[in-house]
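Novice: Note that the UniProt record's numbering gives residue 15 to position 15 of the sequence shown, counting from 1, and the numbers run on in steps of one.
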Amino acid sequence: MEVKLNRMVAFLSFFVLLFISGFQPVANAKESKSLYYVYVGSFKSKENALNRQEALAKKNVNSFIKTVKIKGVTWYRVQVGAFQYHANAKAMVSRMKKAGFHDGFIMHQKIGKIYSVYAGSYIYKSYAIRQQKKLAAKGYLSSIEIAFVKGKKWYRVHLKDYTDPKAAVSFVNKLKRAKINGSFIVAK
Numbered sequence: 001m002e003v004k005l006n007r008m009v010a011f012l013s014f015f016v017l018l019f020i021s022g023f024q025p026v027a028n029a030k031e032s033k034s035l036y037y038v039y040v041g042s043f044k045s046k047e048n049a050l051n052r053q054e055a056l057a058k059k060n061v062n063s064f065i066k067t068v069k070i071k072g073v074t075w076y077r078v079q080v081g082a083f084q085y086h087a088n089a090k091a092m093v094s095r096m097k098k099a100g101f102h103d104g105f106i107m108h109q110k111i112g113k114i115y116s117v118y119a120g121s122y123i124y125k126s127y128a129i130r131q132q133k134k135l136a137a138k139g140y141l142s143s144i145e146i147a148f149v150k151g152k153k154w155y156r157v158h159l160k161d162y163t164d165p166k167a168a169v170s171f172v173n174k175l176k177r178a179k180i181n182g183s184f185i186v187a188k
């Protein structure tokens, strides 16, 4: 009974977090075989990406930083949306230009959604660092990401990304069994 209740709580928490993170669902996820990602900056410096993210937050735009490696160089991209239709992505780029962000661009990817597992989200970076140390002591590698939700800065402890939502939920349950509380999933 308790296991079923924990699964139900994890499942419901997943959808609550999607809602509060500003996630915009794809109209029909089963038919969606690709997405158009909108970025408003790609930087070699993480500090520049964080500055852009803070500027977006001041204009009430939710964003997160996606790290990519291109020819051995790390880039920090500031993502503001993912859309099923190119027209919607273009509209977001136009909205960003009107808000003063003129370097917006669209990237098309033929992949499904990514389900990122986090082991906590904290207002204070020191709390995120403490959680990261606890995870390391239990053998889990993690990184700290900054997310702006409704204009508020959060330090999220990122563990893993999955393309299968069931695998992400299974990992969250594994974390709970290991007494790692506060874990959640964000669909990107």
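Every residue gets a Cβ at the ideal spot worked out from N, C-alpha and C, and that includes glycine.
Please name the residue in 148, 93, 89, 140 whose C-alpha comes closest to that of residue 183.
Specialist: Here residue 183 corresponds to residue number 183 of the sequence shown, with the count starting at 1. Checking every option, the nearest Cα to that of residue 183 belongs to 140.
Novice: Is the segment 120-127 in contact with the segment 93-108, if contact means three or more CB pairs nearer than 8 Å?
Specialist: Verdict: no, contact absent.
Novice: Only counting the same chain, and skipping five residues up and downstream in sequence, which positions put a Cβ closer than 6 Å to that of residue 44?
Specialist: Position 44 of the sequence shown, counted from the start, is the residue given in the question as residue 44. Cβ within range, chain order: n/a, list empty.
Novice: Thinking C-beta only, is residue 56 closer than 8 Å to residue 78?
Specialist: By one-based count along the sequence shown, residue 78 stands at place 78. By one-based count along the sequence shown, residue 56 stands at place 56. For residue 78 and residue 56, yes; Cβs fall inside 8 Å.
Novice: Mind pulling the beta strand (DSSP E) runs of 3 or more residues that sit fully within the UniProt domain "SPOR" (30-109)?
Specialist: Here the runs fully enclosed are 35-43, 63-70, 73-83, 105-109.
Novice: Would you kindly work out how many angstroms separate the C-alpha atoms of residue 37 and residue 67, rounded to a whole number?
Specialist: Within the sequence shown, the letter at position 37 stands for residue 37. Within the sequence shown, the letter at position 67 stands for residue 67. Their Cα atoms are separated by approximately 14 Å.
Novice: Indicate whether residue 147 and residue 156 have their beta-carbon atoms separated by less than 8 Å.
Specialist: Position 147 of the sequence shown, counted from the first residue, corresponds to residue 147. Position 156 of the sequence shown, counted from the first residue, corresponds to residue 156. Yes, they are a contact pair.
Novice: What would DSSP say about residue 146, mapped onto helix, strand or coil?
Specialist: For this step, residue 146 is matched to residue 146 along the sequence shown. Residue 146: strand per DSSP, three-state reduction.
Novice: So, is residue 31 buried or exposed, given that buried needs 16 or more other C-beta atoms within 10 angstroms?
Specialist: On the sequence shown, position 31 is the one that residue 31 refers to. Only weak support is given to the placement of residue 31: the predicted model assigns it a pLDDT of 42, under 50, and the question is left unresolved by the model.
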